[in-house]
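Residue numbers (this note's numbering): -15 to 710. The C-beta atom is built at its ideal place from N, Cα and C for all residues, glycine as well. What you are looking at is a predicted structure, and each value in this text was computed from that prediction instead of being measured. Data first, discussion second: the structure below is written as structure tokens.
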Ligand code: AMP
Ligand code: GLY
């Protein structure tokens, strides 16, 4: 087919592209030539701008018996007169704002004062997007009325609120078929701020909760039926500008043509042949065919400096490079020079709007001219339009409540009579009566996390153990001051809250608390998508314990000659996991390495021990001078925390049996110096008891499991020396 497209903007470039894409020959002209010869006579004319329609291009085509896709001049008044549109919509009962047509300021002001609500003031006639004022407040409204009524009759309309959408339908006089819904960006600046423009970008299909066929039945078909009955069939695009209000979609305006830049977004989505559809419309043969389209499109406009008030022309345009899945449509250009306000548009295509948007901006990033204005936010409302709940944004309050339900029983088992308020209250309430019995009660508090062990736990789907880890870590931290735990508060954060997983972690905490006679007094579960990586979680906790001042550890003086008694760890506890995860990156966690009695994963996830039960008798017995909890920093950095100045600790390597996991670590990390190794992991000792040499046998007897004399204190400068075995 030979197609003649009338117009010279971005919209017409998109119409031409769509026709050429289906193999048609396309000519472009700003106006209909006076005559054609047999070579130039088009099979169909497609009219772009409203001005050409108002000027009667369709009527002139009819005289020459050339099919024209676009309404006659008299029907184009659907767009050219807002008053006519409002009267027609009123007669047809289409959902519309309240309105009043006025030809004097007095009349307008009287109606508006009586109406008593905010209004939009519009010039009745065509004004190329400049005839609409959305005033803020009474003063601006009065000023707008005076300003526009000086130019001609005006329409006052009830101010509606909501997102807008562009419904464009192909019409054959009888029936209308919708194109994918589009959304335009009318303001010049990001965030829909600044002056109104012809449109700075668009995307389609717009993810709005209305069906295009139903919208067409409501807003387009009644107009076609009415005009048909009047003997004036409407052929061409009928475009309804809709506002999606809380009371449903409402009609803002009709246009008698494709939108610009909506056309640049919508037409590339068509898999059907536009030229053929246009001709079918001219012949009244659209019938019940559905218009086929696929994918998503995002169109970004580049406007010249000064647009829309006073566009600057003449700048040299660098059109950049072609990039995949993107089209460039020229508008206000002559060769490589800027001639108009909207200079060009790029359309990105993709399966999803996100892809389409990325492709559009990639193409636009290669375009350059002086003063170029490009909005960076095209499509921004589409994300919000698809969110119908907080859960859709990744935060599921209901799942949080479910987690609380599941953990409640385990938590409440830790509540003795001292707990007055626990789970579900704004803050836990714990009775201080238990410490009243002490002569001078001291409160000891500790906050900790379990570090990157949580990554391993998440990876292996084993959550309960890390719950115990955090509680026991804190218990051991207060135990080294001689304190017994009173209550614990936890914090769990994850990218996506899973009630079962949270309940597992908290149950692990509750079990550890229960075993230590500690109340799990409260906690917080946070769902933080976009902060934690998908699947990741973290836990932390705070424990408060008490000790009578007389029993505070360390007690007495630590002296040269005192002995170090090592108590076993049952794994790395909560330290060294960044090294361990790296070390075993390529070793499957379900492997059972030589010498192990469990899998590697099980060995790594063994929970931190609670040393209270094993050390209780020894501490109460009075011979324990000090305790050192072997956490981050290992033996070399935790022992000095209890050493007085002038005393060194000598630790004899080989004096305790290094468990298989730590032997494997030592064998694999061949390049790691011994001291570095002992600083990173505990190597099998989780707690060190310091006592006088004379008390060693008694202390060891008070500890109901095997312990080892691993070294002694000597005069020195407060450092730890690791003495080689033998
Ligand atoms: P129009 O040319 O009639 O589409 O108006 C241009 C723009 O003004 C519209 O896209 C809306 O953003 C805004 N507008 C027009 N009419 C109303 C209305 N009744 N309520 C709120 N905003 C409106
Ligand atoms: N982009 C709005 C219009 O073409 O009227």
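Beta-carbon spacing of residue i, residue j below 8 Å
| i | j | result |
| --- | --- | --- |
| residue 711 | residue 222 | Residue 711 lies beyond the range of the chain shown here (-15 to 710); nothing can be said about it. |
| residue 707 | residue 635 | yes |
| residue 280 | residue 340 | yes |
| residue 588 | residue 571 | no |
| residue -10 | residue 40 | no |
| residue 233 | residue 370 | no |
| residue 753 | residue 228 | No answer is possible for residue 753: the residues shown for the chain start at -15 and end at 710. |
| residue 613 | residue 671 | yes |
| residue 527 | residue 682 | no |
| residue 621 | residue 663 | yes |
| residue 450 | residue 434 | yes |
| residue 172 | residue 48 | no |
| residue 712 | residue 328 | In this structure the chain extends from -15 to 710, so residue 712 is not present and cannot be described. |
| residue -5 | residue 344 | no |
| residue 37 | residue 54 | yes |
| residue 627 | residue 702 | yes |
| residue 639 | residue 674 | no |
| residue 93 | residue 117 | no |
| residue 611 | residue 543 | no |
| residue 284 | residue 362 | yes |
| residue 151 | residue 250 | no |
| residue 395 | residue 404 | no |
Residue nearest to residue i in terms of C-alpha spacing, selected from the options
| i | options | result |
| --- | --- | --- |
| residue 533 | 600, 630, 460 and 425 | 425 |
| residue 427 | 202, 604 and 468 | 468 |
| residue 218 | 205, 227 and 226 | 205 |
| residue 576 | 645, 342, 619 and 272 | 645 |
| residue 216 | 268, 195 and 258 | 268 |
| residue 160 | 187, 209, 131 and 348 | 209 |
| residue 446 | 408, 508, 574 and 503 | 574 |
| residue 78 | 680, 99 and 201 | 201 |
| residue 406 | 381, 352, 686 and 474 | 474 |
| residue 704 | 685, 690 and 637 | 637 |
| residue 501 | 337, 442, 511 and 597 | 597 |
| residue 462 | 531, 165 and 519 | 531 |
| residue 401 | 602, 298 and 505 | 505 |
| residue 586 | 448, 150 and 54 | 448 |
| residue 331 | 325, 351 and 324 | 351 |
| residue 359 | 175, 618 and 97 | 175 |
| residue 444 | 503, 590, 397 and 525 | 590 |
| residue 293 | 509, 324, 497 and 582 | 324 |
Per-residue burial, residue i [other beta carbons within 10 Å of its own, 16 or more giving buried]
| i | result |
| --- | --- |
| residue 471 | buried |
| residue 9 | exposed |
| residue 523 | buried |
| residue 453 | buried |
| residue 553 | buried |
| residue 410 | exposed |
| residue 56 | buried |
| residue 367 | exposed |
| residue 578 | exposed |
| residue 100 | exposed |
| residue 541 | exposed |
| residue 615 | buried |
| residue 437 | buried |
| residue 507 | buried |
| residue 214 | exposed |
| residue 122 | exposed |
For this session: Measuring from each Cβ to the nearest heavy atom of the ligand AMP, keep the ones under 5 Å and list them in chain order.
Result: 81, 104, 116, 141, 143, 144, 225, 236 and 237
For this session: Inspect the CB distances between the segment 233 to 243 and the segment 280 to 291 and report whether three or more fall short of 8 Å.
Result: no
For this session: Give a yes or no on contact between the segment 129 to 148 and the segment 74 to 87, applying the rule of three or more CB pairs nearer than 8 Å.
Result: yes
Exercise. Three or more C-beta pairs closer than 8 Å, one from the segment 540 to 550 and one from the segment 473 to 481: is that the case here?
Worked result: no
For this session: Report yes or no: do three or more beta-carbon pairs, one from the segment 491 to 502 and one from the segment 407 to 426, lie closer than 8 Å?
Result: no
For this session: Taking 8 Å as the threshold, find out whether the segment 451 to 458 comes into contact with the segment 553 to 569 through three or more Cβ pairs.
Result: yes
For this session: Say whether the segment 373 to 386 touches the segment 297 to 304, bearing in mind that this needs 3 or more beta-carbon pairs closer than 8 Å, one atom from each stretch.
Result: no
Exercise. Is there contact here, the segment 127 to 138 with the segment 99 to 111, by at least three beta-carbon pairs under 8 Å?
Worked result: yes
Exercise. Within the chosen definition, does the segment 0 to 9 reach the segment 175 to 193 through at least 3 CB pairs nearer than 8 Å?
Worked result: no
Exercise. Just checking, does the segment 22 to 31 make contact with the segment 61 to 76 on the three C-beta pairs under 8 Å criterion?
Worked result: no
For this session: Answer yes if the segment 253 to 261 comes into contact with the segment 310 to 321, meaning at least three C-beta pairs across the two stretches below 8 Å, and no otherwise.
Result: no
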